[in-house]
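Residue numbers (my numbering), protein chains in the order written: chain A, 85 to 420; chain B, 85 to 420.
(1) Using the rule of at least 16 other Cβ atoms within 10 Å of the residue's Cβ for burial, across every protein chain shown, is residue 175 of chain A buried or exposed?
(2) What ranges does the alpha helix (DSSP H) occupy inside the stretch 277-340 of chain A, keeping only unbroken runs of at least 4 residues that lie completely in it?
(3) Identify whether residue 378 of chain B lies in helix, strand or coil by the three-state DSSP scheme.
(4) Counting only beta-carbon separations shorter than 8 Å, does residue 214 of chain B have a partner in chain A?
(5) Would you give the residue range spanned by the alpha helix (DSSP H) that residue 159 of chain B belongs to?
(6) Look at residue 240 of chain A and residue 117 of chain A and say whether their C-beta atoms are less than 8 Å apart.
(7) DSSP has residue 180 of chain B in a bridge; who is on the other side?
(8) Under 7 Å Cβ to Cβ from residue 310 of chain B, same chain only, skipping five residues before and after it: list those, please.
(9) Verify the CB distance criterion: does residue 259 of chain B have a CB-CB separation below 8 Å to chain A?
(10) Would residue 157 of chain A pass as an interface residue toward chain B - the criterion being a Cβ-Cβ separation below 8 Å?
(11) Taking a Cβ distance cut-off of 9 Å, strictly less, list which residues of the stretch 273-301 of chain A are near chain B, in chain order.
(12) From which residue to which residue does the alpha helix (DSSP H) around residue 365 of chain A run?
(13) For the putative contact between residue 421 of chain B and residue 197 of chain B, defined by C-beta atoms under 8 Å, what is the C-beta separation to the nearest angstrom?
(14) Which one or two residues does DSSP pair with residue 153 of chain A in a beta bridge?
(15) Helix, strand or coil for residue 100 of chain A per DSSP?
(16) Across which residues does DSSP place residue 354 of chain A in a beta bridge pair?
(17) Listed in chain order, which residues of the stretch 216-237 of chain B have Cβ atoms closer than 9 Å to some Cβ of chain C?
(18) Could you tell me whether any Cβ in chain B is nearer than 8 Å to the Cβ of residue 192 of chain A?
(19) Examine the Cβ distances between the stretch 96-107 of chain A and the stretch 154-164 of chain A and report whether three or more of them are shorter than 8 Å.
(20) With 8 Å as the threshold, decide whether the Cβ of residue 240 of chain B is near any Cβ in chain A.
(21) Might you give, ordered along the chain, the residues of its own chain that have their beta carbon closer than 7 Å to the beta carbon of residue 328 of chain A, omitting 5 neighbours on each side?
(22) Which residues bound the alpha helix (DSSP H) around residue 406 of chain B?
(23) Mapping DSSP to helix, strand and coil, what is residue 220 of chain B?
(24) Count Cβ pairs between the stretch 177-185 of chain A and the stretch 145-157 of chain A that sit closer than 8 Å; are there 3 or more?
(25) Helix, strand or coil: how does DSSP classify residue 111 of chain A here?
(26) Taking the continuous alpha helix (DSSP H) assigned at residue 257 of chain B, which residues delimit it?
(27) At the level of alpha carbons, what is the spacing between residue 193 of chain B and residue 205 of chain B?
(28) Of the residues B:125, B:382 and B:106, which one's Cα is nearest the Cα of residue 390 of chain B?
(29) Shorter than 8 Å from the beta carbon of residue 243 of chain B to some beta carbon of chain A?
(30) How big is the Cα-Cα spacing for residue 208 of chain A and residue 257 of chain A?
(31) Touching or not, the stretch 357-374 of chain A and the stretch 183-192 of chain A, by the rule of three or more beta carbon pairs under 8 Å?
(32) Residues of chain B with CB under 9 Å from residue 370 of chain A, in chain order?
(33) Measure the alpha-carbon distance for residue 418 of chain B versus residue 92 of chain B and round it to whole angstroms.
(34) Taking only beta carbons into account, state which residues of the stretch 318-347 of chain B come closer than 7 Å to chain A, listed in chain order.
(35) Note down, in chain order, all residues in the stretch 172-203 of chain A with a beta-carbon under 9 Å from any beta-carbon belonging to chain B.
(36) Considering only C-alpha positions, which residue in the set A:221, A:133, A:129 and A:165 is nearest to residue 350 of chain A?
This is the structure we're talking about:
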């Protein structure tokens with residue numbers, strides 16, 4: 085894939101968003117999130133999403149000017165109505181407020197509804213962990229995952245990110261609770277590659293390795309019954325505290341026209357931070373199993389990818405680059 | 085296995101603990117935890133543990149009289165030194181304090197160190213969820229799990245429990261982040277049954293299905309790289325905030341003589357509780373996959389098991405019953 089300079093992509097994305105009516109500061113936040121996903125090697129949460137965001141603004145289901153309405157239900161419990169704002173803009177404001185509050189209370193929570201897609205959760209966990217605070221981030225999503233022992237998609241991919249400060253780089257893990265993403269299934273379908281057994285069901289609920297058939301079916305939860313239990317718990321936890329929709333009623337993170345009714349949950353802890361680097365070094369230096377080069381710390385690969393892509397550019401699929409050029413042209417921005 | 089009446093076992097356990105120097109109220113808490121594990125079908129966290137607790141009291145590594153020393157580091161951050169107290173006693177006091185505090189602040193946390201084994205985490209999550217509060221519970225443990233791609237046990241089984249109130253029974257999930265428990269490996273070894281491929285490594289770090297060999301090896305994390313990332317995150321999170329030991333330095337939940345240096349983390353949220361019952365009913369009624377009788381909600385099976393065992397008695401392994409009888413006799417309690 086051709087590679088593009090991060091600065092160029094950043095300018096293009098910001099310009100496109102501003103042309104669509106996004107205030108400058110908000111366009112920078114949304115662009116930072118999309119760019120960071122590209123840099124870390126998570127293109128499903130990257131610039132691929134830009135066209136949809138622009139369309140959603142045009143359709144009135146994103147209000148690019150708001151950062152939400154905030155109500156402290158209790159001293160450390162912030163309830164946020166996103167007012168159709170951009171996901172990272174609403175999240176940024178909520179995080180700033182609870183991060184500050186946690187300095188006094190030790191722990192604080194933001195429960196966000198009516199906000200748009202917040203992208204890669206690790207983005208937020210890393211921001212807080214870098215500032216010395218521990219963070220747990222949850223978000224719900226459209227029903228794409230079948231319950232363990234079921235045939236039909238009834239759960240979101242319900243991701244989680246956890247950030248913990250260390251003496252060096254923060255520890256940040258970020259994972260969906262599906263075994264693979266629907267983006268990966270689409271990618272296999274595009275390449276005509278088969279899925280691994282156990283990844284997905286077809287529309288009728290039968291196991292399939294045909295990526296094309298899986299697109300209208302359901303993804304398996306990761307780790308069988310345990311992953312199902314965790315994904316369900318994350319979904320219930322988030323929905324219960326935000327009042328957001330659950331399961332098949334969730335809309336608006338994958339389409340261009342529906343109001344986004346999923347929920348986001350942020351917990352920030354301003355606690356003592358014990359030393360962790362020695363233990364992490366032990367893991368990193370542990371003898372690898374056959375077939376593994378070494379033991380990885382979650383987040384490490386993304387960080388290395390980031391360094392490399394800052395140097396050598398970000399690979400973009402032809403379609404994503406074509407869309408970007410088209411949008412840039414409409415916005416009157418020089419696209420290469 | 086022969087079955088025993090829950091009331092009889094409750095009286096025996098309480099009497100044995102009191103004979104060992106445990107104050108009456110504390111013996112009731114410890115007994116309730118062990119009994120609840122037996123009732124829910126988790127014997128590895130049940131009365132099997134009683135002998136070790138009595139030995140640990142005798143060896144001075146459990147102080148049965150304390151419920152810990154409590155310091156509010158911040159308004160909603162309770163730091164607890166367990167002072168070698170009984171796990172459920174220290175946990176109970178910490179939970180009472182943060183549950184009350186969360187009513188004012190919306191969310192509160194207890195970080196507990198120097199406490200003993202707190203057993204089945206769902207016990208605590210269920211207590212809070214029944215009282216209308218959302219709970220997250222984490223605990224670290226001895227290194228029994230290998231990192232994904234590693235050969236050696238370097239992580240605890242680092243379990244998590246999440247409790248969410250609903251209009252009906254609370255939702256409670258509780259799972260270790262290992263693919264199976266070491267108790268299950270021992271059980272297979274005792275029965276001469278092979279393990280499933282992928283469950284464990286032997287002492288040298290090679291994959292094995294020999295349960296006997298796995299006892300001195302390492303358990304796999306559940307769900308591959310994702311489960312490893314989650315288990316590690318839970319461990320780091322807990323250790324960071326409690327100052328507890330990590331990995332191979334953890335002692336005292338499986339032996340009779342070492343001070344217990346793992347950590348426990350409790351987060352209680354007193355928030356709004358959206359309606360969840362309809363969604364849970366949808367899951368419960370979903371069409372099952374081939375080979376499954378129906379889709380289960382986490383916690384459901386344990387609850388059904390509890391009802392049945394309250395009626396028909398609790399099955400105990402011969403060795404557990406023999407130990408119990410011996411301890412009861414020493415304590416001067418009528419054991420049958």
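The beta-carbon is built from N, C-alpha and C at its ideal position, and this holds for glycine as well. This structure is a prediction, so every number in the text was calculated from the model and none was measured.
This is what the structure holds:
(1) Here residue 175 of chain A corresponds to residue number 91 of the first chain, with the count starting at 1. With 16 or more other Cβ atoms within 10 Å, it is buried.
(2) DSSP runs (the alpha helix (DSSP H)) wholly in the stretch 277-340 of chain A: 295-298 and 308-326.
(3) The count along the second chain starts at 1 and reaches residue 378 of chain B at position 294. Reduced to three states, the DSSP call for residue 378 of chain B is coil.
(4) Your numbering for residue 214 of chain B matches position 130 in the second chain. Judged by the 8 Å Cβ criterion, residue 214 of chain B is not in contact with chain A.
(5) Taking the first residue of the second chain as position 1, residue 159 of chain B is located at position 75. Counting along the chain, residue 159 of chain B sits inside no alpha helix (DSSP H), nor does DSSP assign it H or E at all.
(6) Position 156 of the first chain, counted from the first residue, corresponds to residue 240 of chain A. Position 33 of the first chain, counted from the first residue, corresponds to residue 117 of chain A. No, they are not a contact pair.
(7) One-based indexing of the second chain puts residue 180 of chain B at position 96. For residue 180 of chain B, no pairing in a beta bridge is given by DSSP.
(8) Locating residue 310 of chain B in the second chain gives position 226, where the first residue counts as 1. Here the set comprises nothing.
(9) Numbered from 1 along the second chain, position 175 holds the residue referred to as residue 259 of chain B. Judged by the 8 Å Cβ criterion, residue 259 of chain B is in contact with chain A.
(10) Numbered from its first residue, the first chain carries residue 157 of chain A at position 73. Taking Cβ atoms only, chain B reaches closer than 8 Å to residue 157 of chain A, which makes this a yes.
(11) Cβ contacts with chain B: 285, 289, 290 and 291.
(12) Taking the first residue of the first chain as position 1, residue 365 of chain A is located at position 281. Secondary structure note for residue 365 of chain A: its alpha helix (DSSP H) is the uninterrupted segment 361-369.
(13) Residue numbering for chain B in the displayed model covers 85 to 420; residue 421 of chain B lies beyond these limits and cannot be assessed.
(14) Locating residue 153 of chain A in the first chain gives position 69, where the first residue counts as 1. Residue 153 of chain A pairs with A:165.
(15) The sequence position of residue 100 of chain A within the first chain is 16, counting from 1. It is helical.
(16) Taking the first chain and counting its residues from 1, the one referred to as residue 354 of chain A is at position 270. DSSP lists no partner for residue 354 of chain A.
(17) Structure shown: chain C not included; protein chains present are A and B.
(18) Residue mapping note: residue 192 of chain A aligns to position 108 of the first chain, counting from 1. Taking 8 Å as the threshold, the shortest C-beta distance from residue 192 of chain A to chain B falls below it.
(19) The stretch 96-107 of chain A vs the stretch 154-164 of chain A: no contact.
(20) Within the second chain, residue 240 of chain B is the residue found at index 156, counting from 1. Taking 8 Å as the CB threshold, residue 240 of chain B stays off the interface with chain A.
(21) Within the first chain, residue 328 of chain A is the residue found at index 244, counting from 1. For residue 328 of chain A, the CB contacts under 7 Å within the same chain, skipping 5 residues up- and downstream, are 197, 224, 322, 345, 346 and 347 in chain order.
(22) Here the question's residue 406 of chain B lines up with position 322 in the second chain. That run of the alpha helix (DSSP H) goes 402-414.
(23) Here residue 220 of chain B refers to the residue found at position 136 when the second chain is read from its first residue. In the structure shown, residue 220 of chain B falls within a strand segment according to DSSP collapsed to helix, strand and coil.
(24) Taking one beta carbon from each stretch, the stretch 177-185 of chain A and the stretch 145-157 of chain A have 3 or more pairs nearer than 8 Å; the two touch.
(25) For the purposes of this step, residue 111 of chain A is identified with residue 27 of the first chain, where counting begins at 1. Helix, per DSSP.
(26) The residue labelled residue 257 of chain B in the question sits at position 173 within the second chain. Annotation for residue 257 of chain B: no alpha helix (DSSP H) segment contains it, though the beta strand (DSSP E) segment containing it runs 255-259.
(27) Your numbering for residue 193 of chain B matches position 109 in the second chain. Your numbering for residue 205 of chain B matches position 121 in the second chain. A direct Cα-Cα distance of roughly 15 Å separates residue 193 of chain B from residue 205 of chain B.
(28) Position 306 of the second chain, counting from 1, holds the residue named residue 390 of chain B. With distances taken between Cα atoms, residue 390 of chain B lies closest to B:125.
(29) Position 159 of the second chain holds residue 243 of chain B. For residue 243 of chain B, the answer is no, since every Cβ of chain A falls outside 8 Å of its Cβ.
(30) Taking the first residue of the first chain as 1, we reach residue 208 of chain A at position 124. Taking the first residue of the first chain as 1, we reach residue 257 of chain A at position 173. Approximately 11 Å, taken between the alpha carbons.
(31) Touching, no.
(32) Taking the first residue of the first chain as 1, we reach residue 370 of chain A at position 286. The answer, in chain order, is 230, 231, 233, 234, 235, 236 and 238.
(33) Locating residue 418 of chain B in the second chain gives position 334, where the first residue counts as 1. Locating residue 92 of chain B in the second chain gives position 8, where the first residue counts as 1. Rounded to whole angstroms, residue 418 of chain B to residue 92 of chain B spans 9 Å at the Cα level.
(34) Along the stretch 318-347 of chain B, the positions whose C-beta sits under 7 Å from a C-beta of chain A are 320, 321, 323, 324, 325, 327, 330 and 331, read in chain order.
(35) From the stretch 172-203 of chain A, only 186, 187, 188, 189, 190, 191, 192, 193 and 195 have a Cβ closer than 9 Å to chain B.
(36) Here residue 350 of chain A is taken as the residue at index 266 of the first chain, counted from 1. For the set A:221, A:133, A:129 and A:165, the Cα lying nearest the Cα of residue 350 of chain A is the one of A:221.
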